[in-house]
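These notes concern the structure reproduced below.
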Amino acid sequence: SAAEKGGWSSFMRKEVAEQPEAVANTVRGRIADEQVVIPELEALGDEELRAVRRITIVACGTASYAGLVAKYAIEQWARVPVEVELSHEFRYREPVIEQDTLVLSISQSGETMDTLMAVKYAREMGAKTVSVCNTQGATIPRESDAVVYTHAGPEVAVASTKAFVAQITALYLFGLHLARVRGTLTDGQLAAQLHELQAVPEKLASVLEESEKVAQLAHWMADTRSVLFLGRHVGYPIALEGALKLKELAYIHAEGFAAGELKHGPIALIEPGQPVFVVVPSPRHPNSLHPKVVSNIQEIRARGARVIAIAEAGDAAVLPFADEVIRIPLAAPLFEPLLAVVPLQVFAMELAQAKGLDVDQPRNLAKSVTVE
Ligand code: G6P
245 SAAEKGGWSS
255 FMRKEVAEQP
265 EAVANTVRGR
275 IADEQVVIPE
285 LEALGDEELR
295 AVRRITIVAC
305 GTASYAGLVA
315 KYAIEQWARV
325 PVEVELSHEF
335 RYREPVIEQD
345 TLVLSISQSG
355 ETMDTLMAVK
365 YAREMGAKTV
375 SVCNTQGATI
385 PRESDAVVYT
395 HAGPEVAVAS
405 TKAFVAQITA
415 LYLFGLHLAR
425 VRGTLTDGQL
435 AAQLHELQAV
445 PEKLASVLEE
455 SEKVAQLAHW
465 MADTRSVLFL
475 GRHVGYPIAL
485 EGALKLKELA
495 YIHAEGFAAG
505 ELKHGPIALI
515 EPGQPVFVVV
525 PSPRHPNSLH
535 PKVVSNIQEI
545 RARGARVIAI
555 AEAGDAAVLP
565 FADEVIRIPL
575 AAPLFEPLLA
585 VVPLQVFAME
595 LAQAKGLDVD
605 QPRNLAKSVT
615 VE
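Structural data, given as structure tokens:
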């Protein structure tokens with residue numbers, strides 16, 4: 245009903261707008277004295293977390309892309325290898341799971357059958373299981389040793405938006421907790437990351453304020469038949485998510501690629517007028533991949549691509565090569581995905597709207613897939 249939408253024309257529009265709150269609520273109460281505090285994790289003692297040799301993340305759809313983002317952060321902070329598997333692939337390939345493997349599931353609904361089966365299998369094999377879930381008391385958290393709830397609030401639109409940023413937030417809190425327990429970050433490094441996380445809601449609000457420009461772009465592009473998305477490092481899963489949103493909401497053929505993979509195949513797709521979104525990393529950090537991504541932009545531009553860059557405020561290097569630049573606020577590299585995903589969600593939503601589609605209930609999709 246209109247009342248449930250709180251004055252918004254769709255749940256999707258409401259949920260996209262609620263993202264600053266989704267992150268703030270997921271962080272709330274979990275940082276004290278520059279330390280992470282997650283009481284729900286106490287079921288898994290520090291001793292057990294120190295003994296973990298490997299993390300396997302299982303999830304489907306958008307949740308799996310939150311997992312891919314978290315892989316970069318958890319490996320960097322806690323120095324433990326992380327693999328990300330689609331739940332349905334994991335379950336049916338006799339995966340190597342041992343007692344020192346931690347299986348981390350991510351599910352907004354907590355009811356996705358493929359993910360539930362993966363968790364049950366992991367437990368049978370003796371692994372420790374942690375669930376990241378948005379729904380209190382759902383089946384997957386009940387079947388897990390511990391749960392870190394995301395507090396995004398109920399997500400009604402079928403395609404996931406605010407749950408995604410809340411999932412990354414919860415996974416980052418988990419990763420920082422793990423880093424403290426394992427002694428892989430100094431107190432100062434930990435505090436710096438926590439400050440970055442606490443600054444995300446305000447930055448998200450300022451990204452949302454730029455939505456009008458993205459909406460206009462989407463309306464101009466309403467006839468587009470195919471869109472490509474490129475990113476690198478944590479920008480790569482964001483490219484995948486941008487493509488997924490466009491397929492789900494606007495029924496447009498879309499693909500996301502790792503920018504470094506361009507020359508190994510996808511560049512053959514570039515022809516004059518092909519729209520390509522590029523998630524550009526910040527140039528301000530040592531070892532930044534910015535120059536490499538800018539050179540990818542030059543390569544596709546030379547072949548006629550229409551480049552839409554998502555770039556940090558003040559990054560002037562992209563200007564000569566981009567047809568459109570969408571700005572995001574300054575953030576440490578691991579926190580950029582939380583901001584860069586928003587214009588891609590808005591683009592897909594607005595384009596669907598321009599085509600007259602139902603953004604809350606796209607054809608053929610279900611919010612929660614409870615069959616295998
Ligand atoms: C369905 C939804 C997706 C979602 C996926 C995983 O396919 O349409 O938006 O990402 O399931 O759902 P979950 O509840 O496990 O996060």
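Position in the sequence shown counted from 1, then plus 244, gives you UniProt numbering. All C-beta atoms, glycine included, are put in the ideal place defined by N, C-alpha and C.
Cβ-Cβ distance between residue i and residue j below 8 Å
| i | j | result |
| --- | --- | --- |
| residue 523 | residue 482 | yes |
| residue 316 | residue 529 | no |
| residue 490 | residue 520 | no |
| residue 347 | residue 281 | no |
| residue 419 | residue 318 | yes |
| residue 591 | residue 458 | yes |
| residue 612 | residue 353 | yes |
Distance between residue j and residue i (C-alpha atoms, nearest Å)
| i | j | result |
| --- | --- | --- |
| residue 228 | residue 366 | Nothing about residue 228 can be read from this structure; the chain reaches only from 245 to 616. |
| residue 369 | residue 359 | 15 Å |
| residue 435 | residue 504 | 32 Å |
| residue 414 | residue 559 | 29 Å |
| residue 550 | residue 525 | 19 Å |
| residue 554 | residue 285 | 36 Å |
| residue 427 | residue 372 | 20 Å |
| residue 355 | residue 547 | 45 Å |
| residue 484 | residue 584 | 12 Å |
| residue 463 | residue 512 | 27 Å |
| residue 287 | residue 571 | 42 Å |
| residue 207 | residue 430 | Missing from the structure shown is residue 207; the chain here goes from 245 to 616 and no further. |
| residue 552 | residue 544 | 11 Å |
| residue 442 | residue 516 | 42 Å |
| residue 385 | residue 378 | 10 Å |
| residue 340 | residue 362 | 13 Å |
Heavy atom of ligand 1 within 7 Å of residue i beta-carbon
| i | result |
| --- | --- |
| residue 612 | yes |
| residue 468 | no |
| residue 539 | no |
| residue 609 | yes |
| residue 353 | yes |
| residue 402 | yes |
| residue 307 | yes |
| residue 356 | yes |
| residue 359 | yes |
The alpha helix (DSSP H) enclosing residue i, as first and last residue numbers
| i | result |
| --- | --- |
| residue 311 | 305-322 |
| residue 521 | Premise fails: residue 521 lies in the beta strand (DSSP E), 519-523, not in any alpha helix (DSSP H). |
| residue 335 | 331-335 |
| residue 544 | 534-546 |
| residue 449 | 431-453 |
| residue 490 | 479-494 |
| residue 419 | 406-426 |
| residue 260 | 255-261 |
| residue 360 | 357-368 |
| residue 347 | Residue 347 -> not in any alpha helix (DSSP H); beta strand (DSSP E) instead, spanning 345-351. |
| residue 569 | Looking at the DSSP string, residue 569 is not in any alpha helix (DSSP H); the run it does join, the beta strand (DSSP E), is 568-572. |
Endpoints, the beta strand (DSSP E) within which residue i is located
| i | result |
| --- | --- |
| residue 393 | 390-393 |
| residue 376 | 372-377 |
| residue 471 | 470-475 |
| residue 551 | 550-556 |
| residue 499 | 497-502 |
Ligand 2 heavy atom lying under 7 Å from the CB of residue i
| i | result |
| --- | --- |
| residue 561 | For ligand 2, the structure offers nothing, since it holds only ligand 1. |
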